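Start counting the sequence shown at 23; every next residue gets the next number (the numbering used here).
Where a beta carbon is used, it is the ideal one built from N, C-alpha and C, also for glycine.
From a predicted model like this one, the values you see are computed outputs, not experimental measurements.
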Amino acid sequence: LCNHKRTVGAAHEQQMQKLGDRIKGLRYQKWRTKMMILDIDPSQKKKKGAKFFEMDSDIDDEWVKEHQQFLIEELRTKITKKFEKDNEKLKANKEKVMPEKQLKERLADVKELEAKFKKENKTKKVEAEGKGPSVEKFMAAIEKLDDRVRTLELQAEDRDGNKEVALGTSKINYIDPRLTVVFSKKFDVPIEKFFSKTLRDK
């Protein structure tokens, strides 16, 4: 067990905030998926109980709108980058590049998502998405989202629990470097992953 202390890095708070937002984002996605179940089969409210379909208490309307804006911008960036990459490939192959008009057409998806969120915020209903939507498919998706949430929560716990522990100290000062070299060769892990340049030179 490593008990060497270190000062908490300035970026720690920011990283925890980011992780927290990612977890919240997955839980919001889970809620949307549950609402899609109601869209295709309203009788599920009676079967599963109203509580199953409630939004988590720590997710308010203001956060939802901020997150939706983040998702909209993320999609815009993704589409724009893909367009630029495709054009670079065409240029490299001495082919005709796509006009800006094509990018505008692709960005129609962003407007669609914007309109969808606007409607959802107004009606508090979510229309079912995907090919051949079914209650079973959505329940499986919810299970996967639960797994991802659990993984991220464990990550957050580890990160926060170890924020004052210098985990690298034992590895650098107490483990025979020859063992590390043997391990890195056996499992084909670059030695750079374990030791900084200064230590490697030593």
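Residue i - DSSP class collapsed to helix/strand/coil
{"i": "K140", "result": "helix"}
{"i": "A72", "result": "helix"}
{"i": "M2", "result": "An answer regarding residue 2 cannot be provided, because it is not within the stretch 23 to 224 covered by the chain."}
{"i": "D198", "result": "coil"}
{"i": "F209", "result": "coil"}
{"i": "E151", "result": "coil"}
{"i": "E225", "result": "With the chain represented from 23 up to 224, any question about residue 225 goes unanswered, as that position is not in the structure."}
{"i": "K146", "result": "coil"}
{"i": "Q177", "result": "helix"}
Start-to-end residues for the alpha helix (DSSP H) that takes in residue i
{"i": "E127", "result": "122-128"}
{"i": "N109", "result": "83-114"}
{"i": "E35", "result": "33-62"}
C-alpha gap between residue i and residue j, whole angstroms
{"i": "P121", "j": "K113", "result": "12 Å"}
{"i": "E142", "j": "F209", "result": "50 Å"}
{"i": "A32", "j": "E175", "result": "21 Å"}
{"i": "D21", "j": "R98", "result": "Residue 21 is absent from the model: the chain starts at 23 and stops at 224."}
{"i": "S79", "j": "I94", "result": "24 Å"}
{"i": "S65", "j": "M57", "result": "12 Å"}
{"i": "Q177", "j": "F75", "result": "27 Å"}
{"i": "E162", "j": "R172", "result": "The amino acid occupying residue 162 in the given sequence is Ala; Glu does not appear at that position. Cα to Cα, the separation comes out at about 16 Å."}
{"i": "K215", "j": "D198", "result": "16 Å"}
{"i": "H89", "j": "K207", "result": "44 Å"}
{"i": "K100", "j": "D43", "result": "20 Å"}
{"i": "E117", "j": "K104", "result": "17 Å"}
{"i": "H34", "j": "K69", "result": "43 Å"}
{"i": "E84", "j": "M77", "result": "13 Å"}
{"i": "Q37", "j": "F205", "result": "30 Å"}
{"i": "P212", "j": "R181", "result": "24 Å"}
{"i": "N115", "j": "K123", "result": "21 Å"}
{"i": "L41", "j": "I81", "result": "15 Å"}
{"i": "K87", "j": "G47", "result": "11 Å"}
{"i": "R128", "j": "V203", "result": "50 Å"}
{"i": "K146", "j": "Y50", "result": "13 Å"}
Classification of residue i by the beta-carbon crowding that lies within 10 angstroms, buried from 16 upward
{"i": "V148", "result": "buried"}
{"i": "L201", "result": "exposed"}
{"i": "T55", "result": "buried"}
{"i": "K52", "result": "buried"}
{"i": "V132", "result": "buried"}
{"i": "F92", "result": "exposed"}
Q | Touching by the beta-carbon criterion (3+ pairs, under 8 Å), the stretch 58-77 and the stretch 143-163 | A | yes
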